[in-house]
Amino acid sequence: MATPAATSLALAVVLLLVAFTAGAGAATFSITNRCPFPVCAAAMPVTTGGGAQLAPGETWTLTFAVGGTGGRIWQRTGCAFDPATGREGCQTSDCGGALRCVLSGKPPPTLAEFNLANGGAPGRYGISVVDGFTLPWTSPATDVEDGGVIRCRDPGCPDGNHHPGEGKYRACPAYIDYKVVFCP
């Protein structure tokens, strides 16, 4: 029979292991609207909730499981939705007239695209204007030496090699947290 001290030590070791590995299987995306007008954020895959209407200053937080999960986050502008049905639509990047998207947005969405690898492989994220440009935004990753910031401030995205038809991506650990800021 184990002594109380041995049982306590074993329990402490188990709790420490749980604490150190709890966040390793997920990445959090915090999407903040700093525009002076409402913006509807959208995300695919739909297990994330699909979309949210953000007033200036509001943040929508999503958690994605690590393990080959890929997805997209984009913004929609000029949106109006019926409170009872959640349906009507947006002037830009509409996804079938729904607040919570189950379809990708119509061009021109500026997209944050990501793939959350597993097995120690780096995840990949970036901003794409291949389908068009809607709003300026940044997408920094936390826990990266230089902040992992990717910016897209105008339709030509002159910073780096980020032009329509090209992508600007970073590789980061898949389990870190990301911040998407509309109108930085």
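FYI, in mature numbering (1 follows the signal peptide of the UniProt record, and there is no 0) the residues of the sequence shown are -26 to -1, 1 to 158. Heads up, the beta-carbon is just placed ideally off N, CA and C, and yes, glycines get one too.
Pro19 and Ala45 - do their beta-carbons sit closer together than 7 Å? The residue you asked about is not Ala; residue 45 is Gly in the sequence shown. Yes; because the gap between Cβ atoms is below 7 Å, this pair is in contact.
Can you tell me where the beta strand (DSSP E) holding Glu32 begins and where it ends? First-last for Glu32: undefined, no H or E at that position.
Looking only at its own chain, which residues have a Cβ that is under 6 Å from the Cβ of Ile5, when we skip the five neighbours before and after it? Cβ within range, chain order: Ala15, Trp34 and Val154.
Provide the residue span of the beta strand (DSSP E) that contains Ala(-1), from first to last. Element bounds for Ala(-1): Ala(-1) to Asn7.
Under a Cβ-count criterion, where at least 16 other Cβ atoms within 10 Å of its own Cβ denotes burial, should Ala49 be classed as buried or exposed? The residue asked about is misnamed: residue 49 is Gln in this sequence, not Ala. Gln49 is buried by the Cβ-count criterion.
In or out: Ala86 buried (at least 16 other Cβ within 10 Å) or exposed? When all chains shown are included, Ala86 counts as buried.
Answer yes or no: do Cys64 and Gly24 have a C-beta to C-beta separation smaller than 7 Å? Contact flag unset, no.
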